[in-house]
DNA sequence: ATAAAAAATTTCCAATTGGAAACAAGGGTT
DNA sequence: AACCCTTGTTTCCAATTGGAAATTTTTTAT
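Chains as they are written, first to last, in my numbering: chain L, 57 to 271; chain S, 57 to 271.
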């Protein structure tokens with residue numbers, strides 16, 4: 057009888073560690089490794105493939121596929137890639153929960169005050185607000201902008217998408233490329249293209265708090 | 057000097073094999089393992105994290121992260137999962153190519169407190185927060201939910217897209233189809249599929265105010 | 001039923017992963 | 001310069017992965 061694989065054990069420990077957080081509010085965003093095997097098997101069977109055929113398609117050994125499907129090993133990234141390519145799987149689909157739930161049934165995800173997933177950086181203290189649903193169109197953060205002198209403003213950030221900024225408390229200075237910096241007070245909001253460099257600085261005595269939604 | 061890792065060599069062969077398919081077809085869904093390291097590093101740096109900090113967030117060793125970023129190992133699935141969870145990465149984002157940076161035609165749109173475009177309905181007092189930019193991905197409202205008895209709750213609303221709800225002040229009762237009503241207090245938030253019928257009722261003495269973002 | 005064939009699992013072992021610790025490469029300070 | 005501190009890379013080795021082949025289980029045919 058095979059011992060419990062290490063990564064399963066690790067997962068269990070981790071699970072216990074964050075159980076409180078989870079029990080009440082947020083579950084994990086991503087498929088647990090525990091579920092990877094099940095997903096792969098579903099997909100293979102849905103294509104009426106045997107392990108042998110899947111093996112030929114992916115270039116992986118039968119035994120390897122078997123072990124993956126039975127959660128006996130944690131496949132390496134390159135193996136997962138071969139799997140996805142060989143079986144014509146959309147990678148993201150492999151990692152997100154089957155979304156029949158989202159599309160048809162509809163789902164909702166409640167996050168209590170202060171119970172989002174913390175996500176600190178040297179500059180900002182992000183708190184991810186919705187952690188249960190994957191493949192969301194928007195990513196909402198409640199962010200604490202630390203009070204600091206204007207000189208040491210953080211570097212531009214630049215990325216895909218659009219962003220909505222709403223000042224919950226305090227006041228901030230919004231730097232955006234191509235524009236003059238502008239001060240935003242509590243209740244003010246801004247909407248901008250993230251392709252522009254942008255950054256935030258608190259201008260209040262205390263830290264400022266903003267809601268930041270990215271699409 | 058480290059030898060070229062096995063999986064890189066394999067990948068190169070694969071790449072050649074499917075080159076024709078690729079050149080013609082648009083495909084390009086996935087990041088080549090060759091790029092995984094680069095992507096991870098990009099993401100880490102974009103959050104201004106050091107390897108040490110990322111290590112704490114993910115529970116992975118500094119050395120492991122370093123090797124991943126330098127494409128010296130092919131991380132196992134469980135490691136990739138920890139990476140994504142720790143850094144708050146949306147998994148799919150990790151595997152899809154960043155679209156070409158949008159030409160920096162960026163724009164921004166500031167809305168001062170109370171200066172949005174009013175949009176009253178019998179049930180809610182919406183205030184459209186970003187009025188200058190058209191064809192946005194998100195539509196943000198600051199909405200006053202009138203205090204009223206629970207009996208006369210408004211009818212379901214049901215439409216396309218997803219919605220983020222953040223309670224700015226007061227408390228509300230969120231009704232959503234398929235779920236029990238849930239009370240949200242100041243600072244709480246909810247994310248849901250708008251295809252579900254949904255409606256809001258204030259449970260505080262005074263009117264409640266929420267931020268409502270639709271995508 | 002029983003045998004034969006097909007499919008899936010397990011064993012064995014070489015090759016690879018991942019963590020601890022040693023090592024390098026800056027940055028600042030005295 | 002000598003020192004300390006931080007960040008990132010490399011080395012070493014125990015633990016794990018992944019493939020070939022043996023074994024078991026399931027299916028099909030007789």
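A virtual CB, placed ideally from N, CA and C, is assigned to each residue, including glycine.
Selection S:92, S:111, S:106, S:117 evaluated against residue 126 of chain S yields S:92 as nearest (Cα-Cα). At least 7 Å separates the beta-carbon of residue 270 of chain S from that of residue 229 of chain S. When the Cα atoms are used, residue 224 of chain S and residue 199 of chain S turn out to be separated by approximately 9 Å.
Straight-line spacing of the CA atoms in residue 96 of chain L and residue 113 of chain L works out to 14 Å. Here the C-alpha atom of residue 184 of chain S lies approximately 20 Å from the C-alpha atom of residue 248 of chain S. Look at the stretch 219-239 of chain S: the residues with a C-beta under 9 Å from a C-beta of chain L are 219, 220, 222, 223, 224, 230, 232, 233, 234, 235, 238. Between the alpha carbons of residue 256 of chain S and residue 240 of chain L lies a distance of about 29 Å. Around the beta carbon of residue 117 of chain L, fewer than 16 other beta carbons sit within 10 angstroms, so the residue counts as exposed. The beta-bridge partner set that DSSP reports for residue 199 of chain L consists of L:182, L:266. Note on residue 104 of chain L: under 16 other CB atoms within 10 angstroms of its CB, so exposed under the neighbour-count rule.
Using a CB distance cut-off of 7 Å, residue 119 of chain L does not count as an interface residue toward chain S. For residue 258 of chain L, the enclosing beta strand (DSSP E) has its first and last residue at 254-258. At a cut-off of 7 Å between C-beta atoms, residue 269 of chain L counts as an interface residue with respect to chain S. For residue 201 of chain L, no Cβ of chain S is located within less than 7 Å of the residue's own Cβ. Among the residues of chain S, none has a CB under 7 Å from the CB of residue 111 of chain L; the nearest is roughly 15 Å distant. Proximity of residue 136 of chain L to chain S, defined by a Cβ-Cβ separation below 7 Å, is satisfied. For residue 244 of chain L, the C-beta contacts it makes with chain S under 8 Å involve 166, 167, 168, 169, in order along the chain. Put simply, the CB of residue 107 of chain S is far from chain L, with every gap to its CB atoms at 7 Å or more. Less than 7 Å separates the beta-carbon of residue 121 of chain L from that of residue 107 of chain L. Inclusion of residue 138 of chain S and residue 115 of chain S in the CB contact set at 7 Å is warranted, their separation being smaller than that value.
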